[in-house]
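Participant:
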Amino acid sequence: MTNTHGKNSAYISQMDRLIKQPQRMSAADFKKAETPRIPEQEMIDVGVEAFIAARQPFCNAKLKKLSHVTKKHGGMKNRAFTNAIDTAIASNRMQKGIRCQSGWLVQYHGGENPFHTFIQHWWNSDMADNHFDNTPVGEKLNSYVLDFDIYQYGSDNFHYIKSNVACSLLLQNGVFSMLYDAGRMHFIELSELRTELLFK
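Here the working numbering is used: the first residue of the sequence shown is 794, the next is one more, and so on.
If you want it as structure tokens, here you go:
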């Protein structure tokens, strides 16, 4: 019988060591660490840890992986910022205290050349700090990471940036890249996840 628990532990141990060091790791190291037997959520969590380690030094607010976000209906696809704003405006007319929240959807994509994606996203929370999302995000498993500095930077620089939605990120072989041109799928490698670098 195959001992998958032992393999999972070895993988997590190796990734922990790599995360604590500079962001780069060789393709050989990453391939050696990857194993298809690890559950998808654990692989997502590895990406979340790597992201927080790289991003937190450039944030004033603490990054946080949310344990639960309720999926609701009614929002428009690919309009997360607009959906969140409209939800907050409509609810606040009724004094419900709904807030906009900013952060990232983290997904893992396995296969021969595995990678993680970090899609900048907007959703809402109520006065009891219950988070909910009415934007369709598909059926793929993902985790939410709260990043208030994205909200703050977008608000402070509203007249100087093209969009309040930051660029999506990719992590592959230990290297973070930013999707600069979605039409041409043009990525730019990043040495730092500094907030101002994530906006166009």
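Glycine included, every Cβ here is placed at the ideal spot set by N, Cα and C.
#1: Quick one: what's Met971 bridged to in DSSP?
#2: Going by the beta-carbon positions, is the gap between Trp915 and Val862 smaller than 8 angstroms?
#3: Would you call the region 907-914 and the region 955-964 touching, i.e. three or more CB-CB distances under 8 angstroms?
#4: Which parts of the region 828-899 are runs of the beta strand (DSSP E), unbroken and 3 residues or longer, counting only runs that do not cross its ends?
#5: With distances taken between CB atoms, is the gap from Phe992 to Tyr944 smaller than 8 angstroms?
#6: Given a cut-off of 8 angstroms on the beta-carbon distance, is the pair Leu983 and Leu990 in contact?
#7: Using only CA atoms, which one of Gly931, Asp879, Arg977 and Gln849 lies nearest to Leu898?
#8: Apart from the five residues just before and just after Asn885, which ones in its own chain have a Cβ nearer than 7 angstroms to its Cβ?
#9: Using only the alpha-carbon positions, how far apart do Gly904 and Asp942 sit?
#10: Excluding five sequence neighbours on each side, which residues of the same chain lie with their C-beta closer than 6 angstroms to the C-beta of Trp854?
#11: Write down the C-beta distance between Tyr901 and Met836 rounded to the nearest angstrom, noting that I regard them as a contact closer than 8 angstroms.
#12: If we count the other Cβ atoms within 10 Å of its Cβ and call it buried at 16 or more, is Gln834 buried or exposed?
#13: Taking only runs that begin and end inside the region 912-953, name each unbroken alpha helix (DSSP H) of 4 or more residues, in chain order.
Facilitator: To lay it out plainly:
#1: Per DSSP, Leu962 and Ile981.
#2: With respect to Val862, Trp915 sits apart: the two C-beta atoms are not nearer than 8 angstroms.
#3: yes
#4: none
#5: no
#6: yes
#7: Gly931
#8: Result list for Asn885: Ile891, in chain order.
#9: 33 angstroms
#10: For the sequence presented, residue 854 should be read as Ala rather than Trp. Taken in chain order, the residues that qualify are Phe941 and Asp942.
#11: 4 angstroms
#12: Counting other Cβ atoms within 10 Å of its Cβ, Gln834 stays below 16 and is therefore classed as exposed.
#13: 941-949
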